[in-house]
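Numbering (the working numbering), first residue to last: 1 to 993.
For every residue, glycine included, the Cβ atom is placed at its ideal position computed from N, Cα and C.
Okay, structure first, notes after.
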Amino acid sequence: MEHQDTRSAAALRFQVLGPVQAWRGDVPLALGSPQQQAVLVALLLNEGRPVTTDDLVDGIWGDRTPPQAVAALRTYVSRLRSVLEPNRTARKPSEVLVSMTDGYALRIPTDALDLVVFERHVADASGARADGGLRPAHDTLMAALDLWRGRPLAGVPGPYADAQRNRLAERQLAVAEERCALALEIGLHADVVAELNSLSAAYPLRERLRELLMLALYRSGRQAESLGVYADTRKLLIDELGVEPGGGLSTMHGRILAGDPELLAHAAAPPQAVEEPAAFVPPAQLPADVSDFSGRSKMVSELRDVLRAGSGQAVVVTSLAGIGGVGKTTLAVHVAHSLRPDFPDGQLYVDLRGAGASPADPAVVLGDFLHALGTPDAPDSLEQRAALYRSLLADKRMLILLDNARDAGQLRPLIPGVSGNAVMVTSRSRLAELPGAHLVDIEELTPDEALALFSAIVGAERVGAEPEAALQVVTSCGFLPLAVRIAAARLASRPRWSVSDLARRLADQRNRLQELQLGNLAVETTLGLGYAQLRPEEARAFRLLALVDSPDLPLPAVTALLGTSQQEAEDLAEALVEANMLECFTPGRYRYHDLLRLYAQRQNAKLGDVEQQRGALLRLLDLLDATMQNAQRVMEPDDLYVEPLHRSDSAGQRFADSHAARGWLRSEVSVLLSAVEATADAPLRLLHPAMDILQTMAFLVEDPSLAPRIRTMLRAAAASPAAQQDPAALASVHHALGQIHRVASELQEAEEALARSLALQPADRPTALRLATANGLAITLFLAGRPAEALPVYHQAQETGRHFASPISEARLLANMARAYVGLDRHAEALESARAAVAAARASGNVPGLADTLYQLGVVLRSTGSPGEAAVHLREAHQLYRQQQHPIWEGYSLARLAACLLADGQFPAAAEAAEESLSIAQEIEAAYCQGMANAALGEALLELGQPSRGLACLREALTVFTRLGVPEAQPVQDLIASRHTEPSPPPVPPVAP
């Protein structure tokens, strides 16, 4: 690179990765005619190197050089100098576009040309990949590709520009291909499907792109489409070139057919630490290392490095903290054994019994250490013993392992005084008050590490025969090493048991802790040692927080359960974190290890203080119910809300806007559902707020993946004795149950539940619940293909709605009714109703309602033969849904938009919209939306000349629609029948070794 920085060129920037452009600062420059731009391009791409006059002339005109070409070239150079250096005086030589011997050169800063920046990013990515940094390499390539602004050198004439345009386009494609390959290596397969589709369509004969697309689709769970890509490519290659696919594509096809598990692997296993050969040097007090130690290789390596690296005057102290049974001692002993050669003067060890009722006395420990160091007659006082201990170690290099410490006070006398020695401490508490200590939190094993430990004890053959059951076992053990060891030892001692037998025994949470004991080893006993150390108020907090079986709890929920001020609640929770009885990976959020939660729940059962526990749950339900109502008022302003069963005493959390409310719902959905689950068999004072929460969730949380869990809770509530005695509660339960069934596309069950709810409500009492139930039932009937039955139920809802001043509810009803009119071929009424709904929603200023009515108007317009106008409204609806963070309705609106674009002949745009819809639907497990998206995508792919993949999508859609029992199945089946034209199947290639 010979670019040079001059004062005149410092503010200039040039673009060649797209149309040729230049700027001085932020001001664009006029670069003149295409031939003048061709001169600039030749100089830019030579990166400061001189370009002769002959080369410039040949590059611009080639074989068609005009008679006055050199004169024209000088004119172009003069004009470019005026543009690039407008303030240069007439006689002053140019500092930017300089004259050389029979030619010219451009002097600009190295980063003034986008191509140079692009190549630097690519080189940086290559270096990052070589160093193992796949994610940084991927992100750097993304930054490189973001520099492109279209076709390179667009509109620039001449043979030189033509050659460079092709070179740059090929370079862009190669980097994009590499970026996609890196994305697959780091698990971003779903994110690159759309890009690979686009690239494959643009470069249909580039087999590497098709190979990456097959892998991305396969990893996204779309095997049929993946195989369809191969079939389409093979047909194309045979038709166009008369050849079969190359080795890479054929091998990928064979591996997918064979279900090669390596195709789903994204990361290599961590490197195993290499143990140093042990040498016996007294004193050697370390307990025996375990023969089946596995996992934690990175942590072992880091601890070894820290303990070896003592420098300066201070002794190295490393403290390992974690819950009982997490493997602190096993890890420390293993590391200590591996370091014996580094500490030739010996290793001291003591169990300080910090978790027990009688922790070890430091004076007694020092007496034992002094004896091991050759001083049998130790001084009497603690201070004298500590001083002698420090003196004896002053010139030595020893490793001291202080296991199971209670606190820093117990440890201080046992720390040597000078460097050269190293101390490793284990404790259930985080010993933050230990000066200069390197603190390490020991967590449970990873699933792979836990399986490796289980297999080492049980035997690889038994585990290999039942891998899924083995994973269930270690998951039930919470990946806690002690629990895994006990479970494995039980299985190893019972040769007639299968792994599945053990998995079934551990699946019962009520008896899991009893199952995890063998001889004098018991997980419950180990956890109990930590519980026994808690102060009474900490023990109460430890028990009450376990009432809700949520993955974690935010501080407001902790405060409600404990019935204290927020500061007191935080202090108690942090004290439990320090004692490793709770975990806090995110500030303000607390969670249990699974086995610790079971232990806490067993303590609740043993104490039997039911009223205290119910009081805690009621405080939490009060908070959550009130917060849900606040969220609903922000997310659905001015709407008509169903009457609550419970009047909360809590003000709840407040939200500034709908984004904050939706964010809270997403983050706390597990807390909400777990709190409701905790009210099983509870009295009405707990059932009412729980049902209010579920009622609101049925409207606000439209995530189909939650439907099975919510449905189970609602069915249990409906069958509970408390609800059976309260018709209002029962009507609310059945209404919410109908909503959940409908969201999950279970239309028959939805109809039954909603009809049951209507029957339980007094017909002469207009309520918001009755309006919502009738509207929900009408929607269900319409979705089931029965618009004639739906319309009178809509009218019933409309009649009920007249008792309320709720314009947005009326607008939504009008929009819903429009769909029913379409189903009855009453198109004029449908359009009138849908347009009136949108007008009312716009007038109200209610954004969620406007999005819903726009969506319905788009569907009506598409159904009545106006796909172009429909697309306009659906795009607006999609933008509003995206602003509201409504993923399921984003998916629906995109699928409907794709159908409109298909009808308008815009097949690539239709495929793009359908792909995006399908991605959303798969992420949230929305079956009906998946069917709609697959149907539109399949039809678009057929029109784009990809029959195999298109038919695969259509078959997926047909499967979904058939399972749901919706009328959309028939047109999809007809389309498949009419377009079933696939090439003959290719021979199956061998799978790569």
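Buried or exposed: which applies to residue i, given that a residue is buried once 16 or more other Cβ atoms fall within 10 Å of its Cβ?
| i | result |
| --- | --- |
| G322 | buried |
| V364 | exposed |
| N166 | exposed |
| D26 | exposed |
| F585 | exposed |
| A314 | exposed |
| S294 | buried |
| R100 | Note on residue identity: the sequence assigns Met, not Arg, to residue 100. So M100 ends up on the exposed side. |
| T89 | exposed |
| A288 | exposed |
| R13 | buried |
| K606 | exposed |
| T712 | exposed |
| A444 | At residue 444 the sequence reads Glu, which differs from the Ala that was named. E444 should be labelled buried. |
Counting only the same chain and skipping the five closest in sequence on each side, list residues whose C-beta sits under 6 Å from that of residue i.
| i | result |
| --- | --- |
| L373 | L392 |
| Q629 | none |
| V548 | S674, A675, A678 |
| M1028 | Any property of residue 1028 remains undetermined from this structure, which presents the chain solely from 1 to 993. |
Return the chain-ordered list of same chain residues with a C-beta closer than 7 Å to the C-beta of residue i, the five sequence neighbours on each side being excluded.
| i | result |
| --- | --- |
| A788 | L824 |
| L1022 | Residue 1022 is absent from the structure shown; the chain starts at 1 and stops at 993. |
| V274 | Residue confidence for V274 is low, a pLDDT of 40 falling below 50, so the modelled location carries little weight; the figure read from the coordinates is stated next. Closer than 7 Å at the Cβ level, and outside the excluded window around V274, lies no residue. |
| A790 | A778, L781, F782, A820 |
| P967 | G785 |
| R462 | V499 |
| L572 | E537, E538, A541, L562 |
| Q223 | I256 |
Between which two residues does the alpha helix (DSSP H) carrying residue i extend?
| i | result |
| --- | --- |
| D345 | Careful: D345 lies outside any alpha helix (DSSP H) and carries neither H nor E. |
| E47 | Here E47 belongs to no alpha helix (DSSP H), and DSSP marks it neither H nor E. |
| A22 | Careful: A22 lies outside any alpha helix (DSSP H), inside the beta strand (DSSP E) at 21-24. |
| F1047 | Look at the range of the chain in this structure, 1 to 993, and you will see that residue 1047 is not part of it. |
| V70 | 69-84 |
| C929 | 927-943 |
| Q879 | 867-884 |
| E912 | 907-924 |
| Y389 | 382-393 |
| R543 | 536-544 |
| T586 | From DSSP, T586 is part of no alpha helix (DSSP H) but of the beta strand (DSSP E) over 583-586. |
| L645 | Here L645 belongs to no alpha helix (DSSP H), and DSSP marks it neither H nor E. |
Looking at the structure shown, is residue i part of a helix, part of a strand, or coil, going by DSSP?
| i | result |
| --- | --- |
| P989 | Low per-residue confidence applies at P989: pLDDT is 32, beneath 50, and the placement is therefore not dependable, though the value from the model is reported in the following sentence. Here P989 sits in coil by DSSP. |
| V290 | coil |
| L673 | helix |
| H803 | coil |
| C477 | coil |
| P447 | helix |
| T559 | helix |
| T89 | coil |
| Q798 | helix |
| A284 | strand |
| P554 | strand |
Starting from the C-beta of residue i, find all residues in its chain whose C-beta is less than 8 Å away, skip the five residues before and the five after it, and write them out in chain order.
| i | result |
| --- | --- |
| P34 | G155, V156, P157 |
| Q37 | V20, L31, G155, V156 |
| A843 | P807 |
From the DSSP output, read off the bridge partner residues of residue i.
| i | result |
| --- | --- |
| M100 | G103 |
| D403 | D351 |
| E968 | None; E968 has no bridge partner. |
| D441 | A321 |
| R654 | The partner list for R654 (beta bridge, DSSP) is empty, contrary to what the question assumes. |
| V41 | Its beta-bridge partners do not exist; DSSP assigns none. |
| L113 | F14 |
| P28 | W23 |
| L730 | Per DSSP, none; premise fails for L730. |
| Q517 | A522 |
For the beta strand (DSSP E) containing residue i, list its first residue and its last residue.
| i | result |
| --- | --- |
| A422 | 422-427 |
| R591 | 589-591 |
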